[in-house]
Amino acid sequence: MQSISQPKSYKEHLYTITVKNFFLYIHNNERLRNIGVFVSLVYLFIKFYLLEGFLLIKNLKRDTKKYKIPFSSIVYNALLKYPLMGFLPSEFFLYKLYENSYKDYLTFFSFFRILCINRYAPFLLEDKLQFKVHISNKITTANLVASYDSHNKKITKYTNSRTDKVVIKPYRSAGGKGVRVVSSSRYPQVLKNYSSDCLVEDFIHQHHFLNEIFSDSLNTLRILTLKKNNEIVVIKAVLKVGRSITHNLDHMARGGICINIDMKSGMLLNGLSNYKHGHLEYVRHPETKYEFYKKTIPFFEETTELAKQAHRLFPMHHIIGWDIAITETGPCVVEGNRIPDLFIIQIFHPLKNELSPLLNSRP
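For the sequence shown, the working numbering begins at 375 and goes up steadily by one.
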């Protein structure tokens, strides 16, 4: 007897349902979800280890001379000893583990604990539209102009733009991927080229002090806040500044500069580039030549207070990294990060002693 095969469309439908149910099951099963996250982190660690390891070997001659460390010591410590503890090769230099104690620093795998602790309502920080809607009319942030549904090619307009330019951001982009600045009149045409859902918000015109340092990027403060005994405290703040190679972004990973801040006075101290871009120290911007060292950030106290106010809107999260811009009239929240990059904080301020009680607690 000849079997009757199901139509291809039915098989495809059944396959789609099965796959969706499988991932839904994993998502709803906390243990499986945590295993998946940990496996992903292990994969990323191995990937970064290999990339940085090759770069470190390439720069061995330079680094031996620069740091005055024997060739054998760099190879052993940066490529073997500290990676086995959870540190990436570049962190041997960036955290100065050749003179500082590794016991003061959180490792790469601390991200796993943060994911577990900040597991509730992750979409409120990860989805840029949800985040924007959640904080709008509660704290100072850029005006939400429109959103774009890429599946239905539909633009939902919320209000008219108040600036000459707008910023287009994919809902779930990271590291500035897919972000564009266009004129306010052109954004409907530009959105048609996007294959992902996006939001449109007013362009933030930053304070002239930050423009003097570097005007081609929105230079933001990264502020780390912590929920401690039901109070919100600021742990540390740094200033991220762009360069021409960062393509209008302030990300250190793309070649930007991270500048230390004195938390009592709001005074800028030394700046650093990451290992890939030379691990150089700066007191002035390498392109504009503006000397930022010992200059005071405007509205610094108001900016740290805004970060605490913003965190209070997310009581389910224990630790958040805030990107906050400063305008001529005061600070303005750009975004919050559920899984903040602790690296850019730890190059100036070791975090293990302050965050260990939280990270070691049962989520």
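Even for Gly, the Cβ is constructed at its ideal location relative to N, Cα and C. In this text the structure is predicted, and so the values were computed from the model without any measurement.
Could you check the C-alpha separation between L732 and I606 for me, to the nearest Å?
-> Indexing the sequence shown from 1 puts residue 732 at position 358. Indexing the sequence shown from 1 puts residue 606 at position 232. Distance between the alpha carbons of L732 and I606 is about 13 angstroms.
DSSP state of P705, grouped into three classes?
-> The residue you call residue 705 lines up with position 331 of the sequence shown. Correct three-state label for P705: strand.
Does the segment 538-551 come close enough to the segment 656-675 that 3 or more CB-CB pairs lie under 8 angstroms?
-> Between the segment 656-675 and the segment 538-551, the count of C-beta pairs closer than 8 angstroms stays below three; the two stretches do not touch.
Between Q563 and L434, what straight-line distance do the alpha-carbon atoms span, to the nearest angstrom?
-> Residue numbering aside, residue 563 sits at position 189 when the sequence shown is read from its first letter. Residue numbering aside, residue 434 sits at position 60 when the sequence shown is read from its first letter. Roughly 49 angstroms separates the two Cα atoms.
Does the distance from the C-beta atom of T677 to that of H581 stay below 8 angstroms?
-> Counted from its first residue, the sequence shown places residue 677 at position 303. Counted from its first residue, the sequence shown places residue 581 at position 207. No Cβ-Cβ contact shorter than 8 angstroms links T677 with H581.
Expressed to the nearest angstrom, what Euclidean distance is found between the alpha-carbon atoms of N451 and I721?
-> Taking the sequence shown and counting its residues from 1, one reaches residue 451 at position 77. Taking the sequence shown and counting its residues from 1, one reaches residue 721 at position 347. Roughly 18 angstroms between the two C-alpha positions.
Rounded to a whole number of angstroms, what is the C-alpha to C-alpha distance between V416 and S557?
-> Locating residue 416 in the sequence shown gives position 42, where the first residue counts as 1. Locating residue 557 in the sequence shown gives position 183, where the first residue counts as 1. Cα atoms of V416 and S557: separation of roughly 42 angstroms, rounded to the nearest angstrom.
For V707, which residues of its own chain have a beta-carbon under 7 angstroms away from its beta-carbon, when the five flanking residues on both sides are left out?
-> Here residue 707 refers to the residue found at position 333 of the sequence shown. Beyond the five residues adjoining it in sequence on each side, V707 comes within less than 7 angstroms, by CB distance, of I509, I513, T514, T515, L680, A684, W696 and I698 in the same chain, given in chain order.
Give, in chain order, every unbroken run of the beta strand (DSSP E) that is at least 3 residues long and sits entirely within the segment 489-558.
-> For the segment 489-558, whole beta strand (DSSP E) runs of length 3 or above, ordered along the chain, are 518-523, 528-531, 539-544 and 554-557.
Own chain, CB closer than 7 angstroms to C632, minus 5 neighbours either side, in chain order | By one-based count along the sequence shown, residue 632 stands at place 258. Answer for C632: V612, K614, M626, G645, L646, I718 and I721, listed in chain order.
CB-CB under 6 angstroms to G704, same chain, minus the five flanking residues each way: which ones, in chain order?
-> If you number the sequence shown from 1, residue 704 lands on position 330. Cβ contact annotation for G704 (same chain, cutoff 6 angstroms, sequence separation greater than five): F673 and E676, in chain order.
In whole angstroms, what separates the C-alpha of Y742 from that of L595?
-> Given that the chain is displayed from residue 375 to residue 737, the structure contains no residue 742 and the question cannot be resolved.
Using 8 angstroms as the limit for Cβ to Cβ distance, is I719 near chain B?
-> The structure shown contains no chain B; it is built from a single protein chain.
Specify whether the segment 707-716 and the segment 524-540 touch according to this definition: at least 3 beta carbon pairs, one from each stretch, less than 8 angstroms apart.
-> Because the criterion of three Cβ pairs below 8 angstroms is not met, the segment 707-716 and the segment 524-540 do not touch.
For P724, count neighbouring C-beta atoms within 10 Å of its own C-beta (all shown protein chains included) and say buried if the count is 16 or more, exposed if not.
-> Translated into the one-based positions of the sequence shown, residue 724 becomes position 350. So P724 ends up on the buried side.
Alpha-carbon to alpha-carbon, F482 and R493 | Translated into positions along the sequence shown, residue 493 becomes position 119. Translated into positions along the sequence shown, residue 482 becomes position 108. Straight-line Cα distance between these residues: approximately 18 angstroms.
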